[in-house]
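Chains as they are written, first to last, in the working numbering: chain A, 11 to 313; chain B, 27 to 250.
Positions of the beta carbon are idealized from the N, C-alpha and C atoms, including for glycine.
(1) Given this structure, state the Cα-to-Cα distance separating residue 185 (chain A) from residue 192 (chain A), to the nearest angstrom.
(2) Whole angstroms is fine: what's the gap from residue 63 (chain A)'s alpha carbon to residue 176 (chain A)'s?
(3) Using 8 Å as the limit for Cβ to Cβ distance, is residue 134 (chain B) near chain A?
(4) Does any residue of chain B bring its CB to less than 8 Å from the CB of residue 207 (chain A)?
(5) Whole angstroms is fine: what's the gap from residue 38 (chain A)'s alpha carbon to residue 209 (chain A)'s?
(6) Could one say the Cβ of residue 16 (chain B) lies closer than 8 Å to chain A's Cβ atoms, at least one of them?
(7) Note down, in chain order, each residue of its chain lying with its Cβ closer than 7 Å to the Cβ of residue 188 (chain A), except the 5 sequence neighbours on either side.
(8) Would residue 20 (chain A) pass as an interface residue toward chain B - the criterion being a Cβ-Cβ separation below 8 Å?
(9) Assuming contact is defined by CB atoms lying nearer than 8 Å, are residue 144 (chain B) and residue 179 (chain B) in contact in what I supplied?
(10) Nearest by alpha-carbon distance to residue 74 (chain A): which of A:233, A:296 and A:140 is it?
(11) Select from the region 29-43 of chain B all residues with a C-beta closer than 7 Å to any C-beta belonging to chain A, and list them in chain order.
(12) Quick one: is residue 217 (chain A) near chain B, going by C-beta distance under 8 Å?
(13) Looking at chain B, which residues of the region 215-247 of chain A have a Cβ within less than 7 Å of any of its Cβ atoms?
(14) Classify residue 35 (chain B) as buried or exposed, calling it buried when 16 or more other Cβ atoms lie within 10 Å of its own Cβ.
(15) Quick one: measure Cβ to Cβ for residue 151 (chain B) and residue 205 (chain B), integer angstroms, because I've assumed they're closer than 8 Å.
(16) Between B:85, B:202, B:48 and B:132, which has its C-alpha nearest residue 18 (chain A)'s C-alpha?
(17) Leaving out five residues before and five after residue 242 (chain B) in sequence, what residues of the same chain have Cβ atoms less than 6 Å from its Cβ?
(18) Give the residues of chain A in contact with residue 115 (chain B), contact being defined as C-beta atoms less than 8 Å apart.
(19) So, does the CB of residue 17 (chain A) fall closer than 8 Å to a CB anywhere in chain B?
(20) For a test of the three-state rule: what should DSSP assign to residue 136 (chain A), helix, strand or coil?
(21) Please confirm whether residue 274 (chain A) has its beta-carbon closer than 8 Å to some beta-carbon of chain B.
(22) Should residue 249 (chain B) go down as buried or exposed, given a rule of 16 or more other Cβ atoms within 10 Å for buried?
(23) From which residue to which residue does the beta strand (DSSP E) around residue 188 (chain B) run?
(24) If you measure from the beta carbon of residue 210 (chain A) to each beta carbon in chain E, is any gap under 8 Å?
(25) DSSP on residue 23 (chain A), reduced to helix/strand/coil?
(26) Measuring CA to CA, which of B:221, B:237, B:227 and B:215 is closest to residue 55 (chain B)?
(27) For a test of the three-state rule: what should DSSP assign to residue 13 (chain A), helix, strand or coil?
(28) Taking all protein chains shown into account, do 16 or more other C-beta atoms lie within 10 angstroms of the C-beta of residue 202 (chain B), making it buried, or fewer, making it exposed?
(29) At 3 residues or longer, and completely inside the region 142-217 of chain B: list those beta strand (DSSP E) runs for me, N to C.
(30) Quick check on residue 249 (chain B) - is its C-beta less than 8 Å from some C-beta in chain A?
(31) Does DSSP classify residue 138 (chain B) as helix, strand or coil?
(32) Do the region 290-305 of chain A and the region 39-47 of chain B meet, that is, are 3 or more Cβ pairs less than 8 Å apart?
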């Protein structure tokens, strides 16, 4: 146990010493990885915040229920009760046809053709605010209410929400696609770096193998190097992201103020850092595992 | 300790280098392996250290048949050996101390424990005052002695040296052979390949003579 731990400590020390010796190139690799990781992370923060902003905007999702012209007063009241009891409804406002007609006419110029109408063409109406605001539940409620007796038309102004949702979905997919592409790029960058290091240490590896080093012994420092590159890159990405968000937040807050909101970019730093650095470390490990595996196989053939 | 039985070796696309070689080396023996360049000395040593596998025949090292070993256990077998290579195979990007440290690190020995053993090995070959020197600054004889220090630092039971006196002048060669004698005296099995006539004629030890892939003559044993 102690012996094994010792081997790992020794490998890490060796790697750190090598990295210190080539500090500038180590920093360079870490910043390249950082930039690559930072891109999908920034896009993620953007999409996440837009979706948060739309939730704020959707506070007033509503359905308008226009009742049939010939509905009895009692039936209309009963409908109102039914609406108030409905679990998905947060607020109900009734506008009877006479009030609506008065309001409508007061807004018209006297010579407007509608003002000459003798009869009131408008129906009684309920305006319903909903608790759930996502497009699926809005449209299912709309269908449900449309089927009620006495309802002429249930209208949900949900199409813009649907479009926004579709856009956000697209954004989330873009984040995923970009993340996968860049993960691939990272793997290549790290694997190539490790491969170059193996080439410069080829002699040492050959001699070590000849005097009894196991493959694990040879692989270990490179695996740690890959993980350290990944981890360093992850930290660099977090730094870049933090700088980006801080500088963006100023303009976002100004913009939000114009709309009378205190909205600002918001990030779950703990989760994001864990995912970002964790993923980078895992990619670093995988990439160097591949690189060392291939090089060892080549050495085996040559030796 | 070491037994070869009808061992043949050919590399792909070449003639047979060893054509049925059989011999036995006892524990604690010092054996010279002689023969001209190209006679198959290096190949024979590589078979001994499980760097190569025989095409046919068996190589037994302490009752282990190396042809039947899984690749994963070969590193552990190699740690029984101290190897001195024809071309030293020193690492020129680090100093003498670190060169000698390599086998210990592979065995997981580090720290003070390792430092003590490294200095002891350097002392034995007379390089204690050069532990911080880079190998490139050493003379040919010193580099050879450094290679020997690296081979013996993990106290192997078998020491194998391929042409250790090859490029050295006579006095250096004598020093090196004296070192090998000293190791034999403390119980190490030593096998030295050489084509150096002086070394051979001055040695009181058994010699195996290879010629064109065959163990030609077993030169008679002198009292040792």
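Judging by the given coordinates:
(1) Distance between the alpha carbons of residue 185 (chain A) and residue 192 (chain A) is about 10 Å.
(2) 15 Å
(3) yes
(4) Among the CB atoms of chain B, none fall inside 8 Å of the CB of residue 207 (chain A).
(5) 19 Å
(6) Residue coverage of chain B in this structure runs from 27 to 250, which leaves residue 16 (chain B) outside it and unanswerable.
(7) 49, 50 and 53
(8) yes
(9) yes
(10) A:140
(11) none
(12) Any Cβ of chain B closer than 8 Å to the Cβ of residue 217 (chain A) would place that residue at the interface, and such an atom is present.
(13) 217, 218, 220, 221, 222, 223, 224 and 227
(14) buried
(15) 6 Å
(16) B:132
(17) 235
(18) 213, 216, 217 and 220
(19) With its beta carbon less than 8 Å from one in chain B, residue 17 (chain A) belongs to the interface.
(20) strand
(21) no
(22) Any reading at residue 249 (chain B) must be qualified, since the residue scores a pLDDT of 42, below 50, and its modelled position is unreliable; the value itself is stated next. Its Cβ having fewer than 16 others within 10 Å, residue 249 (chain B) is exposed.
(23) 184-188
(24) Among the protein chains in the structure shown, which are A and B, there is no chain E.
(25) helix
(26) B:215
(27) Here residue 13 (chain A) sits in helix by DSSP.
(28) buried
(29) 184-188
(30) Confidence in residue 249 (chain B) is poor, its pLDDT being 42 and thus under 50, which makes the residue's placement unreliable; the coordinate value appears in the next sentence. Chain A, which has no Cβ nearer than 8 Å to the Cβ of residue 249 (chain B), makes this no.
(31) Reduced to three states, the DSSP call for residue 138 (chain B) is helix.
(32) no
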